[in-house]
Structure formats: C-alpha cells, structure tokens
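K.L.:
For the sequence shown, the numbering used here assigns the number 42 to the initial residue and increments by one for each residue that follows. One structure, pasted below without further comment.
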Amino acid sequence: MSVAITTRYEPLLLRHPANPILSAKDWPYSINSVFNAGATLLADGSTLLLCRVEDRRGISHLNAARSRNGVDGWEIDNEPTLLSSPKEFPEELWGIEDPRITFVPELQQYAVTYTSYSRGGPGVSLALTKDFRNFERYGVIMPPDDKDSALLPRRIGGYWALIHRPMTPLGSHMWISYSPDLRHWGRHRLILEARRGAWWDANKIGLSPPPIETSRGWLVLYHGVRHTPSGCLYRLGLALFDLENPEKCLSRGDSWIFGPEAEYERHGDVDDVVFPCGSTMDADGDTINIYYGAADCSIALARSSVTTLLNWLDANGSCDRRRDR
Ligand code: BMA
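Okay, structure coming up:
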C-alpha cells in the first residue's frame, strides 16, 4: 500500500512498513473490524494489545493479541477476552471500547480504563488485571459523557490520578481527577483545552495513549478533531505536563504531528482517523511504539522516540494552555 508524501514537515512518527499490522482477516472468529487497541509490555518482554473488536451488530468488545516482537506473529485469543456485561454493569449495554492500559507497580496489576457505551452515552469504566484473563471490574468511574481516559501509573501526592475527557457545557477538554481508592473520584481540574475557530484541534480533544513518563515530564499525545463538511478529521498533537503536578502544562505544540495520509488511514468504516490508545517503550528507554486504530478498520504501528518528541516540543511548543484568545 502506498503512502502519499504530502508534506514537507519533519516526520516525527514513522509508519511501520508492515502496516496495517492487524485487521479483521487475522481474527480467529467473525468480526466486522478491529481498531483502537491499548498496549503494554508483559513481564517476558512480549507485547500485548487489547484490541477493540466490533461485531456486525455494531457492538464492541475487547480481545487480547500477543506478539514477541510487537509487529507480527500475533497470537489472538480465540474468544473475546473482555465482553460487556450489561446485567451487572448496565452502562455497558452497547459495548465496551477504546481501552488504555497502565501497569501500576504499587498494585502489581494492569489498570484498564475503557469506554462503556450506555443509554446515557459513553462513560469511563475501570478493570484491574494481572494476566488479561481474569479481571476485577470496578464499573463506571466517570459517568457519561466521558471517555479517553487513562490512569497514571503512580500516585500523585498520595492520590491516584486519572486523565479523562468529559463533555461539559465548557466543551470537550481534558481533565484530571484524583482518588484515594480508585472508586471515589474528585478534585476535578481542567488540564488542556480544545482550541477554537480554525485550529486543527478546535472544539474537541482527548488523551490518546496513557501519558509517557520522561525525565522532563509526562509526555502526552492527544487527538484533536476537526469538523469538516465531509466529516471529522482525527489528528495527533503533543503536550508535556509537570511530573509532580500533572495539572500543569509545561508545553504544547501548535501544529499536529501525525494525521491520516496512508490509504488505510484515509479510507475505512470511518474515513480519516488515526486513533492511538497505547504505546510501548523499547529497552533503550527512548524508542516508542505507538499503536493506533486506522479509519476504524485496522491497527497500525508508528515509531518515534522520546528524544525526538521532546526536541520538537522545545522548538515548537509553548506553555500556554490556550493559544486562541
Ligand atoms: C471517537 C471514538 C473512537 C473512534 C473515533 C472515530 O469518538 O469513538 O473510538 O475511533 O471516534 O470514529
């Protein structure tokens, strides 16, 4: 598949030549599509993707795929790994979507935050797991409308911290909330606002993969949604937040750094979408593998590095949360 070179901007995320790395044809059972996967490294160094799988009813569940190199040789669970459970959790009535995975050393467990699709709209649910086979389900932790959520891997000032994207009368912005026990959430703070007007990230933004902890701060890839006459355009931007005070934005780039260009990103069930929900870090502590849903039809991989992204922010970022005033 050819990638049209449409830009002279510095490429910050490099598409893997094997893209798309996973699609419906790879699945061990009948599905409509697979996209938007959470990602993590397992203790043995292999990569686990927790993929959003949509069936032909339009309802999504999550399914795990494991690979030694994170690129190919995927072993996919023969049955859904995590199905919605509307009897116990009515807010999962219309399925579960877009997981983000955070390994939490204090708990020695992975925290999976995902969208539960309820009659009232999307909400944020949480489940903990040690092995991606058994899950302790916490149910909804942020009521509708809310999504694009991930837990930080450690407490901040003694409290667990969750980044999420409620839709409020203020708009669709990124917030952080805190909890002593992962069940009771409060101290809600707005951390990054969608811009307005002509901006690429006007009106609606949301966290993409869980924040990446670097020596200079939490590196945050976020998606911005541009509404156009022919539909929405999903692109990615970059911001950096203070390590001990993640409410404080240290830098935010003005331009998007990655957008739909390849055929598999431009055309699918939903055209013009790149939507990462997970990333892994190589042993060098610098190379990042970003797994993204492409056009709501497949999973693709792009590589970058912490050094490249921080250098770009140094040259192109500023510390204003909003630049549209
Ligand atoms: C967003 C989410 C994503 C999806 C994207 C494009 O609102 O629902 O799951 O990939 O729209 O359809």
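Even for Gly, the Cβ is constructed at its ideal location relative to N, Cα and C. Fair warning: this is a prediction, and the values are worked out from it, not measured in the lab.
Hey, aspartate 242 and glycine 272 are a contact pair by Cβ (cut 8 angstroms); roughly how many whole angstroms apart?
P.N.:
For the purposes of this step, residue 242 is taken as the residue at position 201 of the sequence shown. For the purposes of this step, residue 272 is taken as the residue at position 231 of the sequence shown. Rounded, the Cβ-Cβ distance is 16 angstroms, inconsistent with contact.
K.L.:
Considering Cα atoms alone, identify which of Tyr50, Thr81, Trp135 and Asn73 is closest to aspartate 323.
P.N.:
For the purposes of this step, residue 323 is taken as residue 282 along the sequence shown, with counting starting at 1. Of the candidates Tyr50, Thr81, Trp135 and Asn73, the one whose C-alpha sits nearest the C-alpha of aspartate 323 is Thr81.
K.L.:
Taking the straight line between their C-alpha atoms, what separation do you get for alanine 303 and glycine 247?
P.N.:
Position 262 of the sequence shown holds residue 303. Position 206 of the sequence shown holds residue 247. The straight-line gap from Cα to Cα measures roughly 22 angstroms.
K.L.:
Examine the ligand BMA and report whether any of its heavy atoms sits within less than 7 angstroms of the Cβ of valine 439.
P.N.:
For the chain, the structure presents residues 42 to 366; residue 439 sits outside this window and is missing.
K.L.:
Below 8 angstroms, how does it come out for the region 104-119 and the region 153-167: are there three or more Cβ pairs, yes or no?
P.N.:
Taking 8 angstroms as the limit for Cβ pairs, the verdict is that the region 153-167 does not touch the region 104-119.
K.L.:
Just reading off the alpha helix (DSSP H) that aspartate 355 is part of, what are its end residues?
P.N.:
Locating residue 355 in the sequence shown gives position 314, counting from the first residue. Residues 347-357.
K.L.:
State the Cα-Cα distance for the pair arginine 34 and glutamate 234, rounded to the nearest angstrom.
P.N.:
Here the chain covers residues 42 to 366 and nothing more, so residue 34 does not appear.
K.L.:
I need the DSSP call for arginine 366, collapsed to helix, strand or coil.
P.N.:
Reading the sequence shown from its first residue, position 325 is the one you call residue 366. Bear in mind that the predicted position of arginine 366 carries a pLDDT of just 41, short of 50, making it too unreliable to give a figure here.
K.L.:
Here's a check: name, in chain order, each residue in its chain whose Cβ is nearer than 8 angstroms to the Cβ of arginine 56, leaving out the five neighbours to either side.
P.N.:
The residue you call residue 56 lines up with position 15 of the sequence shown. Closer than 8 angstroms at Cβ, skipping near neighbours: Val44, Ala303, Ala341, Leu342 and Ala343.
K.L.:
With DSSP as the reference, identify every bridge partner of alanine 65, one or two as the case may be.
P.N.:
Numbered from its first residue, the sequence shown carries residue 65 at position 24. Answer is none; alanine 65 lacks a bridge partner.
K.L.:
In its own chain, which residues sit with a C-beta less than 7 angstroms from the C-beta of lysine 372, not counting the 5 before and 5 after it?
P.N.:
This structure cannot speak to residue 372, because the chain is shown only from 42 to 366.
K.L.:
My output table needs one value for isoleucine 50: the three-state DSSP class, helix, strand or coil.
P.N.:
Locating residue 50 in the sequence shown gives position 9, where the first residue counts as 1. Looking at the sequence shown, residue 50 is not isoleucine but tyrosine. Three-state DSSP puts tyrosine 50 in coil, outside helix and strand.
K.L.:
Beta carbon of threonine 156, beta carbon of alanine 191: below 8 angstroms?
P.N.:
Working through the sequence shown from its first residue, we reach residue 156 at position 115. Working through the sequence shown from its first residue, we reach residue 191 at position 150. Going by C-beta atoms, threonine 156 is not nearer than 8 angstroms to alanine 191.
K.L.:
Can you name the start and end residues of the alpha helix (DSSP H) that arginine 307 belongs to?
P.N.:
Within the sequence shown, numbered from 1, the residue matching residue 307 stands at position 266. Element bounds for arginine 307: 304-307.
K.L.:
Tell me whether glutamate 177 is buried or exposed, calling it buried when 16 or more other Cβ atoms sit within 10 Å of its Cβ.
P.N.:
Residue 177 sits at position 136 when you count from the first residue of the sequence shown. Classification for glutamate 177: exposed.
K.L.:
Classify proline 131 as helix, strand or coil using the three-state DSSP reduction.
P.N.:
Working through the sequence shown from its first residue, we reach residue 131 at position 90. Residue state, collapsed to three classes: helix.
K.L.:
For the beta strand (DSSP E) holding glutamate 254, just list the boundary residues, first then last.
P.N.:
Walking along the sequence shown from the start, residue 254 turns up at place 213. It spans 253-255 - the beta strand (DSSP E) in which glutamate 254 sits, taken as one unbroken run.
K.L.:
I'd like to confirm something about aspartate 242: is its beta-carbon nearer than 7 angstroms to some heavy atom of the ligand BMA, or not?
P.N.:
In the sequence shown, the residue the question calls residue 242 occupies position 201. Result no, Cβ not under 7 angstroms from the ligand BMA.
K.L.:
Just list the beta strand (DSSP E) runs in the region 180-253, keeping only unbroken ones of 3 residues or longer that don't cross its boundaries, in chain order.
P.N.:
187-192, 201-209, 215-220, 227-233 and 246-248
K.L.:
From valine 181 to isoleucine 62, what does the alpha carbon distance come to, in whole angstroms?
P.N.:
The residue you call residue 181 lines up with position 140 of the sequence shown. The residue you call residue 62 lines up with position 21 of the sequence shown. C-alpha separation (whole angstroms): 31 angstroms.
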